[in-house]
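Participant: Here it is, the structure, as structure tokens.
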């Protein structure tokens, strides 16, 4: 797990000539079928049909007999449509004919509405509706969370890691079967297109700290990045890329980090072959269940500014070890000496136990943790 403080990415120009997109990828087709919409439409139509029958019935009785009050017309119509039959008023022959017609139509309407209502409940539509509202309520309360776009192999693995570490996140995926798989794991999931602004707003992108777009198409990842960056300028965006040439376009769109799958795999294999000890250390720090890597800006550590590493005594206070220090000009010092003085523009990269980061922030006055 890696934490980064104070990350800010500017919106860059974007070249619309996107090449080497993954042709034929299933993400290129954003067509979803809502299996619950038909039943909801039938329920709405049933309610409107009952209302129309009621209005027609009351209007008919008033037109046939002008001496009838509106209250009497309503009373007779309600009794007929509900098949109660508690009519204690004398009806003229014309009113009786009108009432007979309403009785036939009313019974048919009641059966139609009742059938739709039973189907709505039996098919689980009612449960789905309340479940959807509960899901929307949970998502609406998310803050400092991660948005995972695409629940494929990479997206699912990322969600599993976030879940293991106890971080809040929400999944966006257009596929119904994929949504069900995420649901089965207990993950918050929105079935929709991550390239659509409304979908990202539903995922509370303005309050999120990170977004990972793991779609199969590089073009889709670019569009997701453009939309997300426009909605949240401070969002940390991680994008998957299948082609090295697309990496530049993703960075122009506003991606914070790009994971080029073939190159990343090749670099990892090279590291494991030539520098196994370093790879083991990185794997332990990033993938371990008890260690984390933290990058903190000293401007957000006011109580640490002006002190030396020896005076900070991080190993004693938080259990962290300072791996490197980055100066404002970009120069880096690996394993800085204990007498190194810390200034406001410096950055510290430390490694330590899970939970120690909170102690670090509490001890030196940092608010907010940005997670990648």
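In the numbering used here, the protein residues as written are 977 to 1348.
Note that beta-carbon positions come from the ideal geometry of N, C-alpha and C, so glycine has one too.
When the Cα atoms are used, what is the spatial distance from residue 1069 to residue 1044?
Facilitator: Straight-line Cα distance between these residues: approximately 14 Å.
Participant: Which whole runs of the beta strand (DSSP E) in the region 1120 to 1171 are 3 residues long or more, in chain order?
Facilitator: For the region 1120 to 1171, whole beta strand (DSSP E) runs of length 3 or above, ordered along the chain, are 1122 to 1125, 1145 to 1149, 1165 to 1167.
Participant: Counting pairs of beta carbons, one from the region 1186 to 1198 and one from the region 1122 to 1131, are three or more of them closer than 8 Å?
Facilitator: Yes, the region 1186 to 1198 touches the region 1122 to 1131.
Participant: How about residue 1350 and residue 1336: do their beta carbons lie closer than 8 Å?
Facilitator: No answer is possible for residue 1350: it lies beyond the span of the chain, which begins at 977 and ends at 1348.
Participant: Alpha carbon to alpha carbon, how far is residue 1141 from residue 1230?
Facilitator: Cα to Cα, residue 1141 sits roughly 27 Å from residue 1230.
Participant: Enumerate in chain order the residues of its own chain whose CB-to-CB distance from residue 1340 is below 6 Å, with the five nearest sequence positions on each side excluded.
Facilitator: The answer, listed in chain order, is 1277, 1279, 1280.
Participant: What number of angstroms, rounded off, separates the C-alpha of residue 1188 from the C-alpha of residue 1268?
Facilitator: Going by the C-alpha atoms only, they are around 19 Å apart.
Participant: Alpha carbon to alpha carbon, how far is residue 1209 from residue 1200? Give it in angstroms, no decimals.
Facilitator: Those two C-alpha atoms are separated by around 13 Å.
Participant: Using DSSP bridges, identify the partner residues of residue 1323.
Facilitator: Partner(s): 1273, 1302.
Participant: What's the gap between the Cα of residue 1143 and the Cα of residue 1181?
Facilitator: Rounded to the nearest angstrom, the two C-alpha atoms are 16 Å apart.
Participant: How would you write the range of the beta strand (DSSP E) that residue 1234 sits in, first residue to last?
Facilitator: Taken as a continuous stretch (DSSP letters only), the beta strand (DSSP E) holding residue 1234 covers 1233 to 1236.
Participant: Closest by CA to residue 1162, which one among 1170, 1169, 1146, 1152?
Facilitator: Nearest option by C-alpha distance: 1146.
Participant: Give the DSSP bridge partners of residue 1215, in chain order.
Facilitator: BP columns for residue 1215 point to 1189, 1234.
Participant: State buried or exposed for residue 1272, treating a residue as buried only when at least 16 other CB atoms are found within 10 Å of its CB.
Facilitator: Classification of residue 1272: buried, given that the 10 Å Cβ count is 16 or more.
Participant: Given this structure, state the Cα-to-Cα distance separating residue 1225 from residue 1219, to the nearest angstrom.
Facilitator: Their Cα atoms are separated by approximately 11 Å.
Participant: Using 10 angstroms around the beta-carbon of residue 1310, count the other beta-carbons present and answer buried if the total reaches 16, otherwise exposed.
Facilitator: With fewer than 16 other Cβ atoms within 10 Å, it is exposed.
Participant: Please report the Cβ distance between residue 1041 and residue 1071, rounded to the nearest whole angstrom; I am assuming they are in contact, meaning their Cβ atoms lie under 8 Å.
Facilitator: About 6 Å separates the two Cβ atoms, so the contact holds.
Participant: According to DSSP, simplified to helix, strand and coil, what is residue 1337?
Facilitator: Here residue 1337 sits in helix by DSSP.
Participant: Give the DSSP-derived three-state secondary structure of residue 1027 in the structure shown.
Facilitator: Residue 1027: helix per DSSP, three-state reduction.
Participant: When DSSP labels each residue in this structure, what does residue 1330 get in the three-state scheme?
Facilitator: DSSP places residue 1330 in coil when its eight states are reduced to three.
Participant: Run through DSSP, which three-state label would residue 1268 get?
Facilitator: Strand, per DSSP.
Participant: What span of residues does the beta strand (DSSP E) with residue 1309 cover, start to end?
Facilitator: From DSSP, the beta strand (DSSP E) with residue 1309 extends over 1308 to 1310.
Participant: Taking the C-alpha atoms as reference points, what is the distance between residue 1212 and residue 1185?
Facilitator: Going by the C-alpha atoms only, they are around 6 Å apart.
Participant: Can you tell me whether residue 1338 is buried or exposed, with buried defined as 16 or more other CB within 10 angstroms of its CB?
Facilitator: Residue 1338 comes out exposed.
Participant: If you measure between the beta carbons of residue 1301 and residue 1323, is that distance less than 8 Å?
Facilitator: Taking 8 Å as the Cβ cut-off, residue 1301 and residue 1323 qualify as a contacting pair.
Participant: Determine the contact status of residue 1252 and residue 1285, defining contact as a CB-CB distance below 8 Å.
Facilitator: Cβ distance not < 8 Å, so residue 1252 and residue 1285 don't count as in contact.
Participant: Considering only their Cβ atoms, is the gap separating residue 1030 from residue 1052 smaller than 8 Å?
Facilitator: No, these two residues do not count as a Cβ contact at 8 Å.
Participant: Just the C-alpha distance for residue 1095 and residue 1110, rounded to the nearest angstrom, thanks.
Facilitator: Using only the alpha carbons, I get a separation of about 22 Å.
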